[in-house]
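To start, the structure itself, in structure tokens.
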Amino acid sequence: MGEITRKICSLKADIFGIPNIPESYCKKNSDFINLLFDWLLCDAEEKGIAIPGITSADLKKLIRKYGKELDEVTVPVYVHTDTWDGNLLIKNGKLTGLIDYAAVLWADPLLSHDFHDFGDVPNPYFLQGYGKIEFTKNEKIRIQIYRIWQRLGMVVECGYREYEDPHMYDWVLDDFAREVGKLETAVMDHN
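Its first residue numbered 0, the sequence shown is counted upward by one per residue in numbering that gives the first Met the number 0.
Right, dumping it as structure tokens:
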């Protein structure tokens, strides 16, 4: 998956955004990431979905503190943000396909799913395949922001999908709050 993600991310774009949604197009990564958070938080508010452990306003402030780190990325690339196992097609032990292209963005390559997947660090086999095993402090901050975005998306998604078991994804609530806490701690170190 690391090799495939590297190939996907080799496709450069002219602007940050969601393909075919012009109102998402941004010249700066920070503007795009703030927009993604704003849209999710707006969806949560419309559906009355509680955001665990932080207010929407405080979450927006927290993310906006990292504009400089987000804007280190100046060239957006094609990024698939949802390459979890359920979106991989495997035949005879080989990856033969990848689905869910609704999850594609023009963005920071670190927004690729496997950089901010669940667990404390990215899978070492993914990193080896991608060809990136070390990260700067600012890259780690961006990955942490993207972890929060991914989990916020899952929190909001649950309110819209109306799963038969409404508690099916309760585990993500604690995970979201934990990831926000990590970034809040980084803010303390950042100031």
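Note that beta-carbon positions come from the ideal geometry of N, C-alpha and C, so glycine has one too.
By DSSP, does T95 sit in helix, in strand, or in coil?
-> Reading the sequence shown from its first residue, position 96 is the one you call residue 95. The answer is strand: DSSP assigns T95 an E or B state.
One or two residues paired with L87 in a DSSP bridge | By one-based count along the sequence shown, residue 87 stands at place 88. Answer is L97.
Measure the C-alpha to C-alpha separation of Y24 and I132 and round it to an integer number of angstroms.
-> The residue you call residue 24 lines up with position 25 of the sequence shown. The residue you call residue 132 lines up with position 133 of the sequence shown. Straight-line Cα distance between these residues: approximately 30 Å.
Cut-off 8 Å between Cβ atoms - residues of its own chain near E178, not counting five sequence neighbours on either side | Taking the sequence shown and counting its residues from 1, the one referred to as residue 178 is at position 179. Correct list, in chain order: Q143, R146, I147, R150.
Reference D169; option with closest CA among I50, D37, G85, E22 = Residue numbering aside, residue 169 sits at position 170 when the sequence shown is read from its first letter. Per the Cα distances, I50.
F36 vs A106 beta-carbon contact at 8 Å = If you number the sequence shown from 1, residue 36 lands on position 37. If you number the sequence shown from 1, residue 106 lands on position 107. The answer is no: Cβ separation not under 8 Å.
Find the nearest neighbour of E138 within the set A185, D99, Y162, judged by alpha-carbon distance.
-> Locating residue 138 in the sequence shown gives position 139, where the first residue counts as 1. The shortest Cα separation from E138 among A185, D99, Y162 belongs to A185.
Between the beta-carbon of L97 and the beta-carbon of L109, is there less than 8 Å?
-> In the sequence shown, counting from the first residue as 1, residue 97 sits at position 98. In the sequence shown, counting from the first residue as 1, residue 109 sits at position 110. Going by C-beta atoms, L97 is not nearer than 8 Å to L109.
CB-CB under 6 Å to G66, same chain, minus the five flanking residues each way: which ones, in chain order?
-> As a first step, residue 66 is located in the sequence shown; it is residue number 67 there, counting from the start. For G66, where only same-chain residues beyond five positions count, the Cβ hits under 6 Å are S29.
Assign D119 to buried or exposed, taking buried as 16 or more other Cβ atoms, counted over all protein chains shown, within 10 Å of its Cβ.
-> The count along the sequence shown starts at 1 and reaches residue 119 at position 120. Flag for D119 reads exposed.
Answer yes if the segment 121-136 comes into contact with the segment 3-22, meaning at least three C-beta pairs across the two stretches below 8 Å, and no otherwise.
-> yes
How is F191 classed by DSSP in three states: helix, strand or coil?
-> In the structure as shown, the chain begins at 0 and stops at 190. Residue 191 is therefore absent and cannot be evaluated.
Starting from V78, follow the beta strand (DSSP E) in both directions and report where the run begins and ends.
-> As a position in the sequence shown, residue 78 is number 79, starting the count at 1. Segment 76-79, the beta strand (DSSP E) holding V78.
With a 10 Å radius around its C-beta and 16 neighbouring C-beta atoms as the bar for buried, classify G1 as buried or exposed.
-> Numbered from its first residue, the sequence shown carries residue 1 at position 2. Flag for G1 reads buried.
How many whole angstroms separate the CB atoms of L39 and V171, which I take to be in contact at a CB cut-off of 8 Å?
-> As a working mapping, residue 39 is identified with position 40 in the sequence shown. As a working mapping, residue 171 is identified with position 172 in the sequence shown. So it is not a contact: roughly 13 Å between Cβ atoms.
Alpha carbon to alpha carbon, how far is K64 from F134? Give it in angstroms, no decimals.
-> As a position in the sequence shown, residue 134 is number 135, starting the count at 1. As a position in the sequence shown, residue 64 is number 65, starting the count at 1. Whole-angstrom Cα-Cα distance: 20 Å.
Can you grab the Cα-Cα spacing for the pair I17 / L104, in whole Å?
-> For the purposes of this step, residue 17 is taken as residue 18 along the sequence shown, with counting starting at 1. For the purposes of this step, residue 104 is taken as residue 105 along the sequence shown, with counting starting at 1. Between I17 and L104, the C-alpha separation is close to 5 Å.
Uninterrupted beta strand (DSSP E) stretches inside the segment 26-84 (no shorter than 3 residues) = 76-79
Taking only the alpha-carbon atoms, compute the straight-line gap between Y162 and L10 and give it to the nearest angstrom.
-> Within the sequence shown, numbered from 1, the residue matching residue 162 stands at position 163. Within the sequence shown, numbered from 1, the residue matching residue 10 stands at position 11. Going from the Cα of Y162 to the Cα of L10 covers about 36 Å.
V179 by DSSP, collapsed to three states: which one?
-> Taking the sequence shown and counting its residues from 1, the one referred to as residue 179 is at position 180. Three-state result, V179: helix.
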